[in-house]
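What follows is a single structure, written as structure tokens, with notes after it.
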Amino acid sequence: MSRGPVASALVIYGITGDLARKSLLPALYRLAERGRLHVPVIGVTRRSWTDDDLRAHARAAIGDELDESVFDRFASRLRIVDGDLTDPETYRRIRDAVADAPFVTHYMATPPTQFTTIADRLGQAGLNRDARLVVEKPYGHDQASARALDDDLHRTFADDDLFRVDHYLGSEAVRGVPVARFANPILETVMNRDHVASIQITMAEDFDVADRGAFYDPTGAVRDVVQNHLLQVLALLTMDPPSCRDALAENVAKWELMRAVRTIEPSDLVRGQYDGYLHVPGVHPDSTTETFVAAGIWIDNWRWKGVPIHLRAGKCLPVTSAEAVVELREPPVSLYGHPEPNLIRLHLPKRHGLALDLSLNRAEGQPVQAAAVPVQVPPVGVAEPPYEHVLEAAIVGDAAAFASFPFIEESWRVVSKIIDLDDAPPRYIPGTWGPGSSETLPGPSGWHRIAGA
Ligand SMILES: NC(=O)C1=CN([C@@H]2O[C@H](COP(=O)(O)OP(=O)(O)OC[C@H]3O[C@@H](n4cnc5c(N)ncnc54)[C@H](OP(=O)(O)O)[C@@H]3O)[C@@H](O)[C@H]2O)C=CC1
Ligand SMILES: O=C1O[C@H](COP(=O)(O)O)[C@@H](O)[C@H](O)[C@H]1O
Numbered sequence: 001m002s003r004g005p006v007a008s009a010l011v012i013y014g015i016t017g018d019l020a021r022k023s024l025l026p027a028l029y030r031l032a033e034r035g036r037l038h039v040p041v042i043g044v045t046r047r048s049w050t051d052d053d054l055r056a057h058a059r060a061a062i063g064d065e066l067d068e069s070v071f072d073r074f075a076s077r078l079r080i081v082d083g084d085l086t087d088p089e090t091y092r093r094i095r096d097a098v099a100d101a102p103f104v105t106h107y108m109a110t111p112p113t114q115f116t117t118i119a120d121r122l123g124q125a126g127l128n129r130d131a132r133l134v135v136e137k138p139y140g141h142d143q144a145s146a147r148a149l150d151d152d153l154h155r156t157f158a159d160d161d162l163f164r165v166d167h168y169l170g171s172e173a174v175r176g177v178p179v180a181r182f183a184n185p186i187l188e189t190v191m192n193r194d195h196v197a198s199i200q201i202t203m204a205e206d207f208d209v210a211d212r213g214a215f216y217d218p219t220g221a222v223r224d225v226v227q228n229h230l231l232q233v234l235a236l237l238t239m240d241p242p243s244c245r246d247a248l249a250e251n252v253a254k255w256e257l258m259r260a261v262r263t264i265e266p267s268d269l270v271r272g273q274y275d276g277y278l279h280v281p282g283v284h285p286d287s288t289t290e291t292f293v294a295a296g297i298w299i300d301n302w303r304w305k306g307v308p309i310h311l312r313a314g315k316c317l318p319v320t321s322a323e324a325v326v327e328l329r330e331p332p333v334s335l336y337g338h339p340e341p342n343l344i345r346l347h348l349p350k351r352h353g354l355a356l357d358l359s360l361n362r363a364e365g366q367p368v369q370a371a372a373v374p375v376q377v378p379p380v381g382v383a384e385p386p387y388e389h390v391l392e393a394a395i396v397g398d399a400a401a402f403a404s405f406p407f408i409e410e411s412w413r414v415v416s417k418i419i420d421l422d423d424a425p426p427r428y429i430p431g432t433w434g435p436g437s438s439e440t441l442p443g444p445s446g447w448h449r450i451a452g453a
């Protein structure tokens, strides 16, 4: 595995924000619980907080699961640096706070409007030396802005020191997709156009936009989860085997795959907006933002040419569940009736593991008759929440847990024709699978039922 230098301090910009409260602080606590947090964690805020304010904030963020002795250990690592992110003086204080650290990880969990400013100020303070910069999503809002952001950040950080977060890549289930494929010839030998009839990938959430209206409305489902999380899953599921086991090889394999993905046409798309979305605080009253999207995708390469692939994602759907379903072709001759298709189901983040729908003899007596039987392959052990892996990888320098810029650039190209549509999407009732027109997008038999639905 390729590793960069291990950091001896972690600085988090945006420590008072929603992401830090919901994901970063709880994940850091759990790392401390398992004895895997060995660095000081320095939060930056302009709220005039003390170290104790940060510790109280962290305690509230961790919630009821907290063990006092673990928390004491964790809290002793927390420090605050006060100051506005635009003010050079703030970075002098950060420099003092990390003076003893030979290598530092800077983690930007702020609104993206601050990313370039922070990187530039780090450079002016010399804090870009012996350091890496971790950048939260979204990485741009289209291909041009992603390129501009990348150019901006490269003014102060070399590419090896720029880690672009896609927390799906921190998920054990998602990281398990290439393992399931390339460690099991029984699966990998059928993963091509000769054997696969279709692929469907669903990321369903049964909750609404909640208090994130101001973020979500200029974003929408395609930018929020398709351009990043779902295209990463698609790439891991369909790429050729990497030439070796390191971040560069896997990134090259995913990038090659993404280059073969056709730009999605609006005619291959169904958008939807849940009833009630327009009343969410922060959402424009005439918003045409999609909260649901289903899209047809084609990969024009040797392995996948002609195999229909469909993705869908949305808020206010019937379940919270994510799954990739690979449907195999029918046997060439139907000796035992017309069995249900064989399915390979890869459960994603919230329920990792693998299931196969096989056709076995279920008839009582004669004649023998094939019928679909689900075969569950449960996950080994308990999955860590993705941000534990993201943060640990950010500290120890494991680039494999992050998105490469060439992949991001291609993925923005893939969605480029479907991100700025201003026609009003059809409404759907919360708790349903989006607008009715999405049901037959994959064809007359529709979408496979996914786990949990
Ligand atoms: N929230 C989520 O669920 C997810 C968020 N993300 C990404 O994480 C990042 C952060 O999102 P989120 O936490 O929701 O954002 P919030 O708006 O909740 O928090 C932003 C933080 O940035 C800080 N900040 C902004 N401007 C300044 C400034 N001039 N000086 C100092 N601090 C500043 C604020 O600190 P203060 O006011 O204390 O100074 C605040 O803590 C974004 O890139 C987002 O896309 C990614 C996945 C999920
Ligand atoms: O990046 C995002 O991801 C979450 C879903 O990730 P999960 O790990 O919580 O399943 C999604 O809800 C959010 O809208 C999006 O910004």
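Note that full-length UniProt numbering gives residue 73 to position 73 of the sequence shown, counting from 1, and the numbers run on in steps of one. Heads up, the beta-carbon is just placed ideally off N, CA and C, and yes, glycines get one too. Nothing here was measured: the structure is a model prediction, and the numbers come from that model.
Could you check if residue i belongs to the surroundings of ligand 1, using beta carbon to heavy atom distance under 6 Å?
| i | result |
| --- | --- |
| R3 | no |
| T86 | yes |
| E89 | no |
| K417 | no |
| G14 | yes |
| T320 | no |
| D120 | no |
| P112 | yes |
| L421 | no |
| R47 | yes |
| A324 | no |
| G17 | yes |
| A109 | yes |
| E65 | no |
| K137 | yes |
Taking 6 Å as the cut-off, does the CB of residue i come closer than this to any heavy atom belonging to ligand 2?
| i | result |
| --- | --- |
| P444 | no |
| P406 | no |
| residue 460 | As displayed, the chain neither begins before 1 nor continues past 453, which places residue 460 out of reach and without an answer. |
| D224 | yes |
For the putative contact between residue i and residue j, defined by C-beta atoms under 8 Å, what is the C-beta separation to the nearest angstrom?
| i | j | result |
| --- | --- | --- |
| W298 | E410 | No, W298 and E410 are not in contact; Cβ-Cβ is about 15 Å, not under 8 Å. |
| S69 | Y387 | Wrong, their Cβ atoms sit about 23 Å apart, outside the cutoff. |
| G220 | G282 | That pair is no contact at about 13 Å. |
| L257 | A235 | 5 Å |
| I264 | V414 | 6 Å |
| S404 | N228 | Their Cβ separation, rounded to whole angstroms, is 12 Å, which puts S404 and N228 out of contact at 8 Å. |
| T90 | V104 | So it is not a contact: roughly 15 Å between Cβ atoms. |
| A101 | A75 | Contact flag wrong, Cβ pair sits at about 19 Å. |
| Y13 | L85 | 6 Å |
| S114 | Y168 | The sequence as given places Gln at residue 114; Ser does not occur at that position. Not a contact, Cβ separation roughly 23 Å. |
**Sufficient close CB pairs (3 or more, under 8 Å) joining the region 133-141 to the region 88-108** = The region 133-141, when compared against the region 88-108, does touch it at the 8 Å Cβ threshold.
**Prompt:** Can you give, in chain order, each stretch of the beta strand (DSSP E) that sits fully within the region 173-210 and has at least 3 residues?
**Reply:** Counting only runs of 3 or more, we get 196-204.
**Prompt:** Given 8 Å as the limit, is there contact between the region 62-70 and the region 90-97, that is, 3 or more CB pairs closer than that?
**Reply:** Counting Cβ pairs under 8 Å, fewer than three are found: no touch.
**Asked** Is it a yes or a no for the region 268-275 touching the region 418-435, going by three-plus beta-carbon pairs under 8 Å?
**Response** The region 268-275 and the region 418-435 touch, with no fewer than 3 CB-CB distances between them shorter than 8 Å.
**Prompt:** Hey, which unbroken runs of the beta strand (DSSP E) at 3 residues or more fall wholly within the region 85-115?
**Reply:** DSSP assignment within the region 85-115 yields the following whole beta strand (DSSP E) runs of 3 residues or more, N-terminal first: 104-108.
**Message:** When you compare the region 8-18 with the region 30-47, are there three or more beta-carbon pairs, one atom per stretch, that lie closer than 8 Å?
**Reply:** As far as the Cβ criterion goes, the region 8-18 touches the region 30-47, which means the pair count is three or higher.
**Request:** For the region 305-345, list the beta strand (DSSP E) runs that are entirely contained and at least 3 residues long, ordered along the chain.
**Result:** The qualifying runs are 309-314 and 321-328.
**Request:** Pair every Cβ in the region 196-204 with every Cβ in the region 140-148, then say whether three or more of these pairs are closer than 8 Å.
**Result:** Because the criterion of three Cβ pairs below 8 Å is not met, the region 196-204 and the region 140-148 do not touch.
**In chain order, each alpha helix (DSSP H) run of at least 4 residues that lies wholly inside the region 340-425** = Runs of the alpha helix (DSSP H) inside the region 340-425: 386-396 and 405-414.
**Request:** For the region 207-220 and the region 315-322, state whether three or more C-beta atom pairs, one from each stretch, are separated by less than 8 Å.
**Result:** Contact holds: three or more Cβ-Cβ distances are below 8 Å.
**Item:** Ranges of the alpha helix (DSSP H) found wholly within the region 203-247, counting only runs of at least 4
**Value:** If only complete runs of 4 or more residues are kept, the region 203-247 shows the alpha helix (DSSP H) at 213-216 and 231-238, in order along the chain.
**Item:** Three or more C-beta pairs below 8 Å linking the region 327-335 and the region 211-229
**Value:** No, the region 327-335 does not touch the region 211-229.
**Prompt:** Can you list, in chain order, the stretches of the beta strand (DSSP E) that have 3 or more residues and sit fully within the region 271-309?
**Reply:** Correct list: 292-297.
**Message:** Is it the case that the region 174-183 contacts the region 280-294, given that we only count it when at least three CB pairs across the two stretches are under 8 Å?
**Reply:** Counting Cβ pairs under 8 Å, fewer than three are found: no touch.
**Message:** For a minimum of 3 consecutive residues, which ranges assigned as the beta strand (DSSP E) are wholly contained in the region 30-92?
**Reply:** Listed in chain order, they are 41-45 and 78-82.
**Asked** Between the region 319-328 and the region 299-309, do three or more beta carbon pairs fall short of 8 Å?
**Response** No contact exists between the region 319-328 and the region 299-309.
**Request:** State whether the region 120-132 contacts the region 156-174, with contact taken as three or more CB pairs (one from each stretch) at a distance under 8 Å.
**Result:** With the cut-off at 8 Å, the region 120-132 and the region 156-174 touch.
**Prompt:** Between the region 163-174 and the region 346-364, do three or more beta carbon pairs fall short of 8 Å?
**Reply:** Yes, they touch.
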